[in-house]
Each structure stands twice: as C-alpha cells, then as structure tokens.
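Visitor:
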Amino acid sequence: MTRYAALMKSHKPPTGFTITELVVTILIAGLLAAVAIPRFVGKDAFESRGFHDESLGVVRFAQKTAIAWRRQIFVCVTTIRVAAAAASGCAIPITHPATRGPLAANAPGGVTLPVPVEFRFDGAGRPLDGISGNPSGQITIPISSTIADDPARQIVVEAETGYVHP
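Position 71 of the sequence shown, counting from 1, maps to 755 under my numbering, and the rest follow consecutively.
#1: Alpha carbon to alpha carbon, how far is Arg-765 from Phe-735?
#2: Identify the continuous beta strand (DSSP E) that holds Ser-829 and give its terminal residues.
#3: Using a C-beta cutoff of 7 Å, does Thr-762 count as contacting chain B?
#4: Under 7 Å between the Cβ atoms of Gln-756 and Arg-804?
#5: Name the residue from Thr-762, Gly-773 and Gln-822 whose alpha carbon lies nearest to the alpha carbon of Pro-798.
#6: Which runs of the beta strand (DSSP E), 3 residues or longer, sit entirely within the segment 694–780?
#7: Are the CB atoms of Val-795 and Ser-829 within a distance shorter than 7 Å?
#8: Going straight from the alpha carbon of Glu-731 to that of Pro-826, what length do you get?
#9: Please report the straight-line C-alpha distance between Asp-833 and Val-840, rounded to a whole angstrom.
#10: Please go through the same chain and pick out, in chain order, the residues whose beta-carbon is closer than 7 Å to the beta-carbon of Thr-769, but skip the five residues on each side of it.
#11: DSSP has Val-848 in a bridge; who is on the other side?
#12: Assuming Val-742 contacts Leu-787 (C-beta within less than 8 Å), just tell me the rounded distance between them.
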C-alpha cells in the first residue's frame with residue numbers, strides 16, 4: 685500500500701458546523717431573545733389574564749351551584765375581588781371544590797374592578813338584582829388594568845339565561 689492510500693484510508697470526514705448554519709442559528713436565537721423572551725419575563729399581563737379567567741370561573745360556578753342547589757347564590761364584586769356566597773354580602777362563602785377554601789378570585793397588582801356589584805342567581809340560574817331580588821338585565825363586570833399592553837376585559841352575565849361569557 686502506498687503512503688497516499690494509507691493516508692486516505694485513515695482520513696475522517698470533517699465534522700462541525702458550516703458558517704451558514706452558524707449564522708442561521710445566531711439569527712434564530714436573536715429573534716427569540718427580541719420577541720419571545722420578554723413575554724415570559726413579564727408575568728403581570730399573564731396574572732391579569734389569569735385573574736379574568738378565574739373570575740369568570742367563579743361567576744360560572746356560582747350560576748351552576750344555584751341550579752344544582754335550587755337556591756339563590758350571591759356573587760359579590762369589590763374593587764379587588766370576585767367571590768361567590770350562599771348569603772347576601774358574601775357572609776357564607778361557597779367552598780372551592782379543589783382548594784376547600786372560599787370560592788373567590790383576588791386581583792393581582794395593577795388590576796381593579798371599578799364598580800362594586802352584588803347580584804344573585806336564582807334556582808333556575810337567572811341573574812337577579814342583589815338588593816331587591818328582582819330580575820336583572822344584562823350584568824357587565826368591567827376589569828381594568830394599569831399594566832402596559834394589557835387590554836381591558838369584562839365579564840358579561842346575560843339576562844334570563846344567566847349565560848356567563850367574556
């Protein structure tokens with residue numbers, strides 16, 4: 685065997701990245717750093733959305749509980765909290781099925797509910813006025829936020845049906 689043939693036999697193909705692959709990888713990492721990572725670092729907007737969803741769940745659960753128990757269930761909305769109770773003024777809170785604590789959603793910093801509201805659902809799931817007990821029209825619970833790039837949200841309870849939606 686010649687010396688050249690021996691060198692060719694032991695020659696391994698080159699390994700590593702090409703310059704093109706390196707540039708593309710750096711570009712993708714730069715885009716992720718500029719766009720995606722700030723969304724994960726700032727948790728305030730996520731907490732705000734989570735509060736909206738949790739509040740929506742509290743109101744929906746209150747309506748379903750009123751239907752299941754065939755009695756009135758109250759929803760108390762203050763400037764920082766949405767809670768469900770079996771008595772006016774949220775004196776007897778409904779138990780959260782998972783945590784066994786009171787069924788309530790507490791607003792994180794920067795999020796407020798501008799107008800305190802109290803209403804109730806009757807045994808058929810229809811919304812009633814919290815004070816008089818008369819049938820209520822559509823109820824809107826606005827949720828405002830001082831967090832940058834966080835939109836205002838609302839919870840709407842339809843008249844007659846009690847359908848709860850954002």
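A virtual CB, placed ideally from N, CA and C, is assigned to each residue, including glycine. Since we're looking at a predicted model, the values are computed, not measured.
Guide: In short, the structure shows the following:
#1: Just so you know, the alpha carbons of Arg-765 and Phe-735 end up roughly 9 Å apart.
#2: Segment 823–829, the beta strand (DSSP E) holding Ser-829.
#3: The structure shown contains no chain B, having only a single protein chain.
#4: At a Cβ-Cβ threshold of 7 Å, Gln-756 and Arg-804 count as neighbours.
#5: Thr-762
#6: 757–761 and 765–769
#7: yes
#8: 16 Å
#9: 22 Å
#10: Looking at the sequence shown, residue 769 is not Thr but Ala. Hits under 7 Å: Phe-758, Cys-760, Ala-775, Ile-776, Pro-777 and Ile-778.
#11: Val-841
#12: 6 Å
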